[in-house]
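Asks: Submitted below is the structure of interest, expressed as structure tokens.
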Amino acid sequence: MNIHEYQSKNILREYGVNVPNGHVAYSIDEAVSYAKKINSNVTVVKAQIHAGGRGKAGGVKIAKDLSEVRAYAKEILGKVLVTPQTGPEGTEVKRLLVEEGCNIDKEYYIGLVLDRSTSRVVLMGSEEGGMDIEEVAANTPEKIFNEEIDPTVGLQAFQARRLAFNLNIEKEYIGKITKLIMNLYKAYDDKDCMIAEINPLVTTKDGDVMALDAKMSFDENALHRQKEIVELRDLDEENRNEIEASKYDLSYIQLDGNIGCMVNGAGLAMSTMDIIKFHGGSPANFLDVGGDATPEKVAEAFKIILSDKEVKGIFVNVFGGIMKCDYIAQGIIEATKQFDLEIPLVVRLEGTNVDLGKKMLNDSGLNITSANSMADGADKIVKMVNELK
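When we follow the numbering used here, the leftmost residue of the sequence shown carries the number 21, and every step to the right adds one.
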């Protein structure tokens, strides 16, 4: 789960991390009003969306007076920002962060992330702050320094200091940055984060250390114990189908293909997408209905798949273990009738009561094509969708 920059900064402020004075604004007048209260020589007006690269897309402006604050707020609010992380469709800006300017001396990158290969949190840092860290990692990986954190003892102060020295931070700032890194780790650990980044972390000409930008992402599996984090969720920034799917305990991720997939089991779902690609097709989604899918959940899964206008065919691939094939067949039949399905539908059933399930589909009189195997089903749905072109 992601949150906005201003929300991340509010959390970090609670943990003693120095951040600029700022306020979130939902209108032009609010932006100007907050700029007056801040009373800074320069005011930064920043688009708030769940994506990086906002500056390059025109979503970050430096205002020298209130008239410029008004002009920039008017320009950015309601604008659709297109960044590498939003995709070509972009994201509409519905809120702004208005904050004081900063007398920057040098910029750095500091981040904490879970390394899945080692199952450990890693502290990362680079002198190339303010830039896309992905580009730094790809082009000059030697400029990124890592500290692996032992989960039994947590981040140690000597590790934070060693990272600061590796980043060639001037001696007078070492203590302040070490303390900031330790506070960042405390916030990361307490809030069940997956990612916590400060980019850029700056030293100022006034002798301060400050987080000019912040990004925090949280482990959805731990949200049951992070009620205050759940309240920060911005549903406008999330895919509507994915939100709807979560209400029915369906695991759904929308992709950019044209073959809808309905599968039980995450591993089988990934294999299904792979085999569709192998046969020349393009999956429109990842959708795992789970091991306890009822006919109602199957119907809801069909509804979500069909709400994607790019879907030209559906492949249902089910292995009936806990969930019996005849039960799934009943759900498929009911959903096909309910939505008056006109696009191709291929169903592969295997497992408990498979013969009964296949008989129910064949006897339904509906336009449902049976498959004998996963490969057979993928081949059939790809050919049927291609014939529609």
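The beta-carbon is built from N, C-alpha and C at its ideal position, and this holds for glycine as well.
For P303, which of helix, strand or coil comes out of DSSP?
Replies: Strand.
Asks: Three Cβ pairs or more, each shorter than 8 Å: is that satisfied between the stretch 77-90 and the stretch 143-150?
Replies: Verdict: no, contact absent.
Asks: Where does M202 fall in DSSP's three states?
Replies: Helix.
Asks: Among N392, D360 and E362, whose alpha-carbon lies nearest the alpha-carbon of G371?
Replies: The shortest C-alpha separation from G371 is found at N392.
Asks: Tell me where the alpha helix (DSSP H) around Y92 begins and ends.
Replies: Note, Y92: alpha helix (DSSP H), L86 to I96.
Asks: Please work out which residues of its chain come closer than 6 Å, Cβ to Cβ, to I348, disregarding the five sequence neighbours upstream and downstream, and give them in chain order.
Replies: The residues are V338.
Asks: Between S28 and the rest of its own chain, which residues show a CB-CB distance below 7 Å, the 5 nearest in sequence each way excluded?
Replies: Excluding residues within five positions, the ones whose Cβ falls inside 7 Å are A234, K235 and M236.
Asks: If I follow the unbroken alpha helix (DSSP H) through T292, where does it start and stop?
Replies: Per DSSP, T292 belongs to the alpha helix (DSSP H) from A286 to F298.
Asks: For a test of the three-state rule: what should DSSP assign to R140, helix, strand or coil?
Replies: R140 falls in the strand class under three-state DSSP.
Asks: Please list, in chain order, all residues of the same chain as F238 whose beta carbon is under 7 Å from its beta carbon, the five residues on each side excluded.
Replies: If we look at F238 and ignore the five residues flanking it on each side, its Cβ neighbours are M21, K211, D212, C213, M214, Q246 and I249.
Asks: Short of 7 Å in beta carbon distance, which residues of its chain neighbour D226, apart from the five on each side in sequence? Order them along the chain.
Replies: Cβ neighbours of D226 beyond the five flanking positions: N123.
Asks: In this structure, how does DSSP classify S384 when only helix, strand and coil are distinguished?
Replies: Note: S384 maps to coil in three-state DSSP.
Asks: Quick check on the burial criterion: 16 or more other C-beta atoms within 10 angstroms. Buried or exposed for R136?
Replies: Classification for R136: exposed.
Asks: Using the DSSP secondary-structure output, state which residues sit across from G227 in a beta bridge.
Replies: In DSSP, G227 forms no bridge with anything.
Asks: Does DSSP classify V405 as helix, strand or coil?
Replies: Here V405 sits in helix by DSSP.
Asks: Just to check my reading of the structure: T198 and V118 have Cβ atoms closer than 8 Å, yes? What is that Cβ distance to the nearest angstrom?
Replies: Going by Cβ atoms, the distance from T198 to V118 rounds to 31 Å, so no, they are not a contact pair.
Asks: Report buried or exposed for F185, applying the criterion of at least 16 other Cβ atoms within 10 angstroms of its Cβ.
Replies: Classification for F185: exposed.
Asks: Just grab the DSSP bridge partners of K118 for me.
Replies: In the sequence on display, residue 118 carries Val and not Lys. Bridge partners of V118: H43 and V65.
Asks: Span of the beta strand (DSSP E) holding N337?
Replies: Element bounds for N337: G333 to G340.
Asks: Just how far apart, CA to CA, sit I296 and L365?
Replies: I296 and L365: Cα-Cα distance of roughly 14 Å.
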